[in-house]
Amino acid sequence: MIPVAPISLTVLLIYLLSTVAGLWLLAWLLLLAFSPRARQRLRRHWPSRGLLLVLLLVPLGLRAWLEIGLWQYQRERAREEAAHTAVLEHPARLGGIGMPAGTRLKLELRQQPESFREAEFPAPVMIRGVATRHLQRWLQSEHENPQEPWTTTGVHPTSIRLRGDGVAEIDGWRCDASQEIAFASERDGRPAAFEHCSLAAGNRAGAIELPAGARLFASDGMVYTDGYRDAERWRVMPETGQQVSVHGIALSGGALAFDRQRKLYGLGGTLLAAPLQLGDWHYPAGTEVSLSPRAAWHTRHPQAWLFSPGHEAARHTSGARLEHGASLLQALDGRELERLGNREAGILDFIELDVGEAP
């Protein structure tokens, strides 16, 4: 059963009763206007007819009360929107960004253009190489007294999101400007370090061609519990259904990590997009493929890739099988290096539940 708010039902009932009462009252007034006999009956039975009139006026009065309340709410909302909206009459520099006349701003604080959270430009504005039409800022509130978080004295941006036209060249990557391009923000609003974007066509990392639409994330390296920071600088996450060819192996899903020189640094959660014959082993599509410089096995086999079959086992030319729950380290020249259990290899196995239709 779908729950329904009691207030909504009450309002619906008032509207229904007021409509019925209004039609009844209108019919009664028309009858009195054109029928002398009806007016005579009204004079003879005035007390009962007067009570009926009062009963008809009650839902009409409630309807009027609701309409007045709605009108007041809409008027107050329009005032708030007007106080939190501004259009620049002259070019201005706000939040470290030059804005042309005609820029429409949505403000976080009433009548304070410097607190804008969104800006819509009448023509593209170049911001960090992005021909920007729309800018959005993530803001953090400032409070003089931490014990009174509801009293906001100001705001400052923590992140900036840009959308615009064409392709933007950022740190050597081609980003699709029609999709969100994000930067960290200085406290004064100027864009700082690049954070992420959707890749446009024409991006490569070494010999690896990256598909348009894949998500690119900047990274300062993953920090582990022992304080070690790895060399990851960039992370690329293809969209569902996209394939990436790495050393001739078609991969899908997951993430590809690259170092500062854009050399492949790691693979996580990636799957074979097509069956693979590597040396004497045949892996079905859907086999998980990992490359993890931080894994324990990497020190023993720094050039190895880890293959972890799913529900369909990998098959050796001798007839041997590698079932789900086991993983195999292989070099890309086909050499078999070591067989590991998934737990030892650092592969997480999740329970899959098949939920059928309800009886």
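Numbered according to the UniProt record's numbering, the sequence shown spans residues 1 to 359. Note that CB positions come from ideal geometry on N, CA and C, so glycine has one too.
In or out: PRO302 buried (at least 16 other Cβ within 10 Å) or exposed?
-> Counting of Cβ neighbours within 10 angstroms places PRO302 among the exposed residues, the total staying below 16.
Consult DSSP for ALA295 and reduce its assignment to one of helix, strand or coil.
-> Secondary structure at ALA295: coil, using DSSP grouped into helix, strand and coil.
Can you tell me which of the three DSSP states TYR73 falls into?
-> In the structure shown, TYR73 sits in a helix (DSSP, three-state: H, G or I).
Could you give the DSSP three-state label for THR19: helix, strand or coil?
-> Assigned with DSSP and collapsed to three states, THR19 falls in helix.
Can you give me the start and stop residues for the alpha helix (DSSP H) that GLU114 sits inside?
-> Where GLU114 is concerned, there is no enclosing alpha helix (DSSP H), given that its DSSP letter is neither H nor E.
So, do the segment 336-348 and the segment 295-311 have three or more beta carbon pairs nearer to each other than 8 Å?
-> Enough Cβ pairs lie closer than 8 Å, so yes.
Three-pair Cβ contact test at 8 Å for the segment 238-246 versus the segment 220-229 | Here the segment 238-246 makes no contact with the segment 220-229; the two share fewer than three CB pairs at distances below 8 Å.
Residue ranges of each alpha helix (DSSP H) run of no fewer than 4 residues wholly in the segment 278-326, ordered along the chain?
-> Runs of the alpha helix (DSSP H) inside the segment 278-326: 296-300.
From the DSSP output, in three-state form, read off SER245 for me.
-> In the structure shown, SER245 adopts extended strand secondary structure according to DSSP, grouped into three states.
What three-state label does DSSP hand THR152 in the structure shown?
-> THR152: coil per DSSP, three-state reduction.
Other residues of its chain near ALA285: CB distance less than 6 Å, five sequence neighbours each side excluded | Answer for ALA285: LEU272, ALA274 and PRO275, listed in chain order.
When we look at the beta-carbon of ALA101 and count the other beta-carbons within 10 Å, is it buried (16 or more) or exposed?
-> Under this definition ALA101 is an exposed residue.
Other residues of its chain near residue 373: CB distance less than 7 Å, five sequence neighbours each side excluded | With the chain covering 1 to 359 only, the question about residue 373 has no answer from this structure.
Reducing DSSP to helix, strand and coil, say where GLY346 ends up.
-> DSSP, read as helix, strand or coil, puts GLY346 in coil.
Complete runs of the beta strand (DSSP E) confined to the segment 196-250 [at least 3 residues] = As far as the segment 196-250 is concerned, its whole beta strand (DSSP E) runs of at least 3 residues are 203-205, 208-210, 215-218, 234-237 and 243-246.
What's the gap between the Cα of ALA313 and the Cα of LEU278?
-> Each residue's Cα considered, the two are about 14 Å apart.
Assign ALA27 to one of three DSSP states: helix, strand, or coil.
-> DSSP places ALA27 in helix when its eight states are reduced to three.
Between the CA atoms of CYS175 and SER115 - distance to the nearest angstrom = Using only the alpha carbons, I get a separation of about 28 Å.
Check whether GLU232 and GLY221 have beta carbons under 7 Å apart | In contact: GLU232 and GLY221 (Cβ atoms closer than 7 Å).
Who are the near neighbours of VAL4 in its chain, counting only those whose CB is closer than 6 Å to its CB and skipping five residues on each side?
-> Low local confidence applies: a pLDDT of 47 at VAL4 is under 50, so the model's placement there is unreliable, with the coordinate-based value given in what follows. For VAL4, where only same-chain residues beyond five positions count, there are no Cβ hits under 6 Å.
Are ALA168 and GLY129 closer than 7 Å when you measure CB to CB?
-> Contact flag set, yes.
Do the segment 81-99 and the segment 58-71 meet, that is, are 3 or more Cβ pairs less than 8 Å apart?
-> The segment 81-99 vs the segment 58-71: no contact.
Under 6 Å Cβ to Cβ from ALA257, same chain only, skipping five residues before and after it: list those, please.
-> Only GLU232, ARG235, TYR265 and GLY266 meet the Cβ criterion.
Can you tell me whether GLU323 is buried or exposed, with buried defined as 16 or more other CB within 10 angstroms of its CB?
-> That one is exposed.
Out of curiosity, what's the CA-to-CA distance linking LYS106 and GLY206?
-> Looking at the two C-alpha atoms, the distance is approximately 43 Å.
Would you call PRO91 buried or exposed, if buried means 16 or more other Cβ atoms sit within 10 Å of its Cβ?
-> Around the beta carbon of PRO91, a 10 Å sphere encloses fewer than 16 other beta carbons of the protein chains shown; the residue is thus reported as exposed.
With distances taken from CA atoms, which of GLY172, THR270 and GLN179 is nearest GLY164?
-> Answer by Cα proximity: GLN179.
Within this structure, are the beta carbons of PRO157 and GLY202 separated by less than 7 Å?
-> Going by C-beta atoms, PRO157 is not nearer than 7 Å to GLY202.
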